[in-house]
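What follows is a single structure, written as structure tokens, with notes after it.
Residue numbers (the numbering used here): 1335 to 1440.
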């Protein structure tokens, strides 16, 4: 998951505008194959995980503190960095883990 987040957050020229003091958030989503739901539960431990009738697991992170407690993070650039921001959500269904997140550039 972290590798896919890093590839989404590779430096682009459009990030320059985000860095110029504007408090802009952009959104992204990554999906990775995951054969074991225990992996989902381990990554998002400490967050309320909802279980659906069809075996779907989902959670929502609405506070910055919850996002900062995740083992996932943004990436660093030469003179700046990206940070994951709230709100984020994650689902596990049909052996796929999907993570939707907001980020900003500092």
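Quick reminder that beta carbons are idealized off the backbone N, C-alpha and C, glycines included. Bear in mind that the values here come from a model prediction, so they are computed numbers and not experimental data.
Under three-state DSSP, which class holds residue 1400?
-> The three-state reading of DSSP puts residue 1400 in helix, counting H, G and I together.
The alpha helix (DSSP H) enclosing residue 1337, as first and last residue numbers | In the DSSP annotation of this structure, the continuous segment of the alpha helix (DSSP H) that includes residue 1337 starts and ends at 1336 to 1342.
Checking contacts by CB at 7 angstroms: is residue 1398 closer than that to chain C?
-> The structure shown contains no chain C, having only a single protein chain.
Who are the Cβ neighbours of residue 1394 in its own chain at under 6 angstroms, not counting the five residues just before and after it?
-> Setting aside the 5 residues that flank it on each side, residue 1394 is surrounded in the same chain by 1423, each with a C-beta closer than 6 angstroms to its C-beta; the list follows chain order.
Contact between the stretch 1357 to 1370 and the stretch 1425 to 1432: three or more CB pairs below 8 angstroms?
-> They touch, by the three-pair rule.
In or out: residue 1352 buried (at least 16 other Cβ within 10 Å) or exposed?
-> Buried: at least 16 other Cβ atoms inside 10 Å.
Return the bridge partner residues of residue 1435 from the DSSP annotation.
-> When beta bridges are read from the DSSP output, residue 1435 appears opposite 1362.
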